[in-house]
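Peer 1:
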Amino acid sequence: MNLKKTLPPVQEYSEAFKRQVVSEYERGLFTKSQLQTRYNIRGNSCISSWLIKYGNFTYEKQLSKGRPMKDPQKQKIKELEAALSKKEEELKVFRKFIEIAERELKIEIGKKVWFQSIQEIRPYTNLSLEDICRLFGYSKQAYYKRKKQPDSINHQERIIELVLSIRKKMPKIGTRKLYVLLKNDFDKEKLHVGRDQLFKILRSNYLLIPRIHRYFKTTNSRHWMKKYPNIIKEKELKCSEKVWVADITYLKTKEKNYYLHLITDAYSKKIVGYELSDNLQTSSTLKALKQAIKNRLYKHSLIHHSDRGLQYCSKEYTEMLKKSDILISMTENSDPYENAVAERVNGILKYEFGLIDTFEDFKNLSQQLKQSIYYYNNWRPHFSLNYNIPSQVHIKNNVKLKTYKKQNQNRKIPTLI
382 MNLKKTLPPV QEYSEAFKRQ VVSEYERGLF TKSQLQTRYN IRGNSCISSW LIKYGNFTYE
442 KQLSKGRPMK DPQKQKIKEL EAALSKKEEE LKVFRKFIEI AERELKIEIG KKVWFQSIQE
502 IRPYTNLSLE DICRLFGYSK QAYYKRKKQP DSINHQERII ELVLSIRKKM PKIGTRKLYV
562 LLKNDFDKEK LHVGRDQLFK ILRSNYLLIP RIHRYFKTTN SRHWMKKYPN IIKEKELKCS
622 EKVWVADITY LKTKEKNYYL HLITDAYSKK IVGYELSDNL QTSSTLKALK QAIKNRLYKH
682 SLIHHSDRGL QYCSKEYTEM LKKSDILISM TENSDPYENA VAERVNGILK YEFGLIDTFE
742 DFKNLSQQLK QSIYYYNNWR PHFSLNYNIP SQVHIKNNVK LKTYKKQNQN RKIPTLI
């Protein structure tokens, strides 16, 4: 009787997560071993392969140098002695690194994470528990004593594990959205943690994500073509496919810049069409529009809103909209609030999903873009959707949109953000 081996599930890591790990390593924040423990990365060669693929430096597989000795036993001894010597030097470097980190950050890393480290390292080594504990300066008895301590400490470690499981897909997702995504898991595992407490836990473990707000202009509105008025001002949205917003942003590779042509549903915030190209031609922008039209679910009236870029004002583009019975709306000023949804989606893709990085080539960029849009549409909750997910809201149409508070009472801000 043939029995098939049951293999453990393959661990999946997003492209954005891999680049985040490489960035943390190259900035000297963590060693490979620390990163493997911190993010529970399976396989000893994962990080090395990511460094070779995504790193800014040259990483080569080490090959033996010179001709092998005639005596295999002596050759083996020499190789083992060299490997041992190298490991001893690496150990000195790691210990010095921890010493410097403790001095600069004013914390005692060993005391803070030794128990969690031992727990996570045990499945990946043949060393006995006693030997592992000794490496951290503790006895086996101290480990078991710590294991019996109040559940609050163990709860915090479990909370961090759950957070990191989400960050493997969306490495820069914020704490509020993490809380929404993990609320059911917290309740299921009886982890009594509120949003403010989650902030404190992530802050104390250096897992908070700083906010970044940057926008880049790719619009050329100085042209002779017909411009259309803004017909979505103060328009209240109650369902999907009433307003689409379109925009173009640029992404970088080492070869050259590429342009991402996006169409997003203003109600559900779902990306319904996109095209990545090396140009700003109307033909590329049209591909995103055709994709969105092909995937339409509803046949009610629809408005297409964009800036006054020449692609959107072109005869080919406007004729396609009219042919599809889609009304045309455009911004009237250079105020980014007039196309706020599109600007916001650009920012999320760049800064939360790592598309702000410079990629090796078009293939790598395209791969991460496809993955990022999938996670954005199907995983990431939105504040304006009451922390629901775009793909679900697009189908259900049962969410009353939140609006952002006006920063300036004299400025009118569209209510469809």
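Quick note: the sequence shown, position 22, residue 403 per this note's numbering, numbers continuous.
In this text, a Cβ means the ideal position worked out from N, Cα and C, and glycines have one as well.
1. Ends of the alpha helix (DSSP H) at histidine 685?
2. Identify the residues that DSSP records as bridge partners of glycine 654: which are they?
3. Mind checking whether lysine 553 and isoleucine 590 have CB atoms under 7 Å apart?
4. Out of Tyr679, Val626, Lys633, Lys680, which one is the CA nearest neighbour of alanine 669?
5. Using the three-state DSSP reduction, which class does isoleucine 707 fall into: helix, strand or coil?
6. Looking only at C-alpha atoms, which of Cys620, Leu782, Tyr519, Asn714 sits nearest to leucine 678?
7. Candidates Ile644, Tyr768, Leu588, Arg484: which alpha carbon is nearest histidine 686's?
8. For the alpha helix (DSSP H) that contains valine 403, what are its first and last residues?
9. Rounded to whole angstroms, what is the Cα-Cα separation between phenylalanine 411 and leucine 563?
10. Verify whether the separation of the beta carbon atoms of isoleucine 540 and leucine 572 is less than 7 Å.
11. So for phenylalanine 411, helix, strand or coil by DSSP?
12. Where does isoleucine 458 land, buried or exposed, given buried means 16+ other C-beta within 10 angstroms?
13. Using the DSSP secondary-structure output, state which residues sit across from valine 624 in a beta bridge.
14. Would you kindly check if the distance between the Cβ of aspartate 566 and the Cβ of leucine 543 is under 7 Å?
15. Contact between the region 643 to 658 and the region 692 to 707: three or more CB pairs below 8 Å?
16. For phenylalanine 764 and leucine 559, I'd like the C-alpha separation in whole angstroms.
17. Would you decide whether glutamate 393 is buried or exposed? Buried here means 16 or more other CB atoms lie within 10 Å of its CB.
18. Please report the straight-line C-alpha distance between tyrosine 693 and asparagine 437, rounded to a whole angstrom.
19. Going by the CB atoms, is the gap between leucine 508 and lysine 521 shorter than 7 Å?
20. Go through its chain and collect everything with a Cβ distance to aspartate 659's Cβ below 6 Å, but skip five positions before and after it.
21. Helix, strand or coil: how does DSSP classify tryptophan 605 here?
22. What would DSSP say about lysine 553, mapped onto helix, strand or coil?
23. Between the Cα of arginine 801 and the Cα atoms of Glu719, Glu700, Ser664, which residue gives the shortest distance?
24. Candidates Arg584, Ala721, Leu691: which alpha carbon is nearest alanine 647's?
25. So what does threonine 630 bridge to, in DSSP terms?
26. Would valine 774 and leucine 766 qualify as a contact pair, given that the criterion is a beta-carbon distance under 7 Å?
27. Closest to lysine 731 by C-alpha separation, out of Ser710, Ile433, Ser466, Met551, would be which residue?
28. Let me know the secondary structure DSSP gives phenylalanine 517 once reduced to three states.
29. Closest to phenylalanine 734 by CA distance: which of Tyr755, Lys477, Leu657, Leu579 is it?
30. What is the DSSP secondary structure of asparagine 660, reduced to helix, strand or coil?
31. Would threonine 712 and asparagine 778 be called neighbours here (beta carbons separated by less than 7 Å)?
32. With the cut-off set at 7 Å, would you say leucine 657 and leucine 736 are in Cβ contact?
33. Could you give the distance in angstroms between the alpha-carbon of arginine 725 and the alpha-carbon of tyrosine 609?
34. Looking at the structure shown, is threonine 739 part of a helix, part of a strand, or coil, going by DSSP?
35. Is it the case that the Cβ atoms of leucine 746 and threonine 666 are separated by a distance below 7 Å?
36. Apply the 10 Å Cβ neighbour rule to valine 474 and answer buried if 16 or more other Cβ atoms are within range, or exposed otherwise.
Peer 2: According to the data block:
1. Element bounds for histidine 685: not the alpha helix (DSSP H) but the beta strand (DSSP E), 683 to 687.
2. Ile644
3. yes
4. Val626
5. strand
6. Cys620
7. Ile644
8. 396 to 407
9. 26 Å
10. yes
11. coil
12. exposed
13. Ile684
14. yes
15. no
16. 12 Å
17. exposed
18. 37 Å
19. no
20. Tyr639
21. Unreliable positioning characterises tryptophan 605 in this predicted model, as indicated by a pLDDT of 43, which lies under 50. A coordinate reading is not provided.
22. coil
23. Summary: the structure shown does not reach residue 801, with the chain confined to residues 382 through 798, and so no result is reported for it.
24. Ala721
25. Leu641
26. yes
27. Met551
28. coil
29. Tyr755
30. coil
31. no
32. no
33. 23 Å
34. strand
35. no
36. exposed
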